[in-house]
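So in the working numbering, the last spot in the sequence shown is 268, and the numbers never skip. All remarks here apply to the structure that follows.
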Amino acid sequence: MNSKPIGVFDSGIGGLTVVRALTQRLPHENIVYFGDTARVPYGPKSPQVIREYAAQDVEFLISRDVKMIVIACNTVSGVALDVVMKHAKVPVVGVILPGADAAVAATRKRRIGVIGTIATVNSKAYSHAIRLLDKEAEVFSRACPLFVPLAEEGWTHHTVTGLVAKEYLFPFKLEKIDTLILGCTHYPILKDAIRTAVDESVTLIDSGEATAVEVERILDEKKLRNPSQLKPHLQFFVSDLPAKFSEIGERFLGQKMGRINKTGEFHL
Ligand code: DGL
Numbered sequence: 001m002n003s004k005p006i007g008v009f010d011s012g013i014g015g016l017t018v019v020r021a022l023t024q025r026l027p028h029e030n031i032v033y034f035g036d037t038a039r040v041p042y043g044p045k046s047p048q049v050i051r052e053y054a055a056q057d058v059e060f061l062i063s064r065d066v067k068m069i070v071i072a073c074n075t076v077s078g079v080a081l082d083v084v085m086k087h088a089k090v091p092v093v094g095v096i097l098p099g100a101d102a103a104v105a106a107t108r109k110r111r112i113g114v115i116g117t118i119a120t121v122n123s124k125a126y127s128h129a130i131r132l133l134d135k136e137a138e139v140f141s142r143a144c145p146l147f148v149p150l151a152e153e154g155w156t157h158h159t160v161t162g163l164v165a166k167e168y169l170f171p172f173k174l175e176k177i178d179t180l181i182l183g184c185t186h187y188p189i190l191k192d193a194i195r196t197a198v199d200e201s202v203t204l205i206d207s208g209e210a211t212a213v214e215v216e217r218i219l220d221e222k223k224l225r226n227p228s229q230l231k232p233h234l235q236f237f238v239s240d241l242p243a244k245f246s247e248i249g250e251r252f253l254g255q256k257m258g259r260i261n262k263t264g265e266f267h268l
């Protein structure tokens, strides 16, 4: 059981930032990743459609016999956590609660910014999670939909990305936040542009890193850690364009990805 892989899914390539955090924290865990590259982005879609996609994504991972599921997608975590939990018979971790937790621990002025997709911001999942942890905290949320295609394009340090970041993020200066949650798996890829656009003193919270800590906690609690000390097996599946996924993905993941498998089971 313990050598079974952890299943991780996202709407596309951004979830590789969570895989990166997982491999750094848990270097011996086998991982199966699914990126729904045929249907990305999820963020501008309706909750009903996102919930339907999430159910199919989780079914795919279950068919790969995973011991745990990590929803490496803020949009799915915000809109369809219950759907994933219903379909999975294994422990499920989303990125919202760990991210909210890390932000509440980091803030000094209790003024927290959240950036994410339209669906994540509309779901208010981060604000609710933060307020549950600290009733007094003030939360300022903003959707930054253009960040997703910029990250998918690999434009991490492009002038256009800097301008877009400045335009989206300047209100946070007036709101005097001291902590900003990167509430979308794609955003850590644009960390440098985001840091330049907000005040340098603002703490950026990468939900992926916080999620890896929670995954480790659950593996220990459920005694599910892989005892092997060997190099783990990482498998990648996408619903479209494996070549593009591998070209950009290796930069996100920080290591070679090997073969990218294309699944043919998803309907648009
Ligand atoms: N993975 C999504 C998230 O973390 C962003 C990309 C999308 O809109 O599908 O919210």
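Just so you know, even glycine gets a beta-carbon here, dropped at the ideal spot from N, CA and C.
Buried or exposed by the 16-neighbour rule on C-beta atoms within 10 Å, applied to residue i
| i | result |
| --- | --- |
| R64 | exposed |
| T75 | buried |
| L163 | exposed |
| S46 | exposed |
| L16 | buried |
| R259 | exposed |
| R217 | exposed |
| V40 | buried |
| P242 | buried |
| T117 | buried |
| S228 | exposed |
| E167 | exposed |
| L190 | buried |
| V213 | exposed |
| L219 | buried |
| P98 | buried |
| D342 | Because the chain spans 1 through 268 in this model, residue 342 falls outside it and cannot be assessed. |
| K67 | buried |
| V49 | exposed |
| A165 | buried |
| L230 | exposed |
| D192 | exposed |
| A100 | buried |
| A151 | buried |
| A105 | exposed |
Extent of the continuous beta strand (DSSP E) to which residue i belongs
| i | result |
| --- | --- |
| Q56 | No beta strand (DSSP E) holds Q56; the alpha helix (DSSP H) holding it covers P47 to S63. |
| N261 | I260 to K262 |
| L33 | First, the residue type needs correcting, since residue 33 is Tyr and not Leu in the sequence shown. Run containing Y33: I31 to G35, per the beta strand (DSSP E) assignment. |
| G7 | I6 to D10 |
Residue i: first and last residue of the uninterrupted alpha helix (DSSP H) it sits in
| i | result |
| --- | --- |
| N74 | N74 to H87 |
| L253 | P242 to L253 |
| I71 | Per DSSP, I71 belongs to no alpha helix (DSSP H); it is in the beta strand (DSSP E), M68 to I71. |
| Q24 | L16 to R25 |
| D192 | K191 to A197 |
| E153 | Careful: E153 lies outside any alpha helix (DSSP H) and carries neither H nor E. |
| G162 | T159 to L174 |
| V121 | I118 to S123 |
Short CB-CB distance (under 8 angstroms) between residue i and chain D
| i | result |
| --- | --- |
| I118 | Chain labels in this structure do not include chain D; a single protein chain is all it has. |
Residues that residue i bridges to, as DSSP identifies them
| i | result |
| --- | --- |
| G113 | F140 and L180 |
| I205 | I181 |
| F237 | F34 and N261 |
| V93 | V70 |
For the structure I just gave you, are there three or more beta carbon pairs, one from the region 15-28 and one from the region 107-126, closer than 8 angstroms?
no
Taking contact to mean at least 3 C-beta pairs separated by less than 8 angstroms, is the region 2-10 in contact with the region 200-210?
no
Any contact between the region 139-152 and the region 163-174? By contact I mean 3 or more CB pairs, one from each, below 8 angstroms.
yes
Do the region 57-72 and the region 84-103 make contact, defined as three or more Cβ pairs closer than 8 angstroms?
yes
Counting Cβ pairs closer than 8 angstroms, one from the region 121-135 and one from the region 151-162, do we hit at least three?
no
Just checking, does the region 229-242 make contact with the region 26-34 on the three C-beta pairs under 8 angstroms criterion?
yes
Just checking, does the region 66-83 make contact with the region 181-190 on the three C-beta pairs under 8 angstroms criterion?
yes
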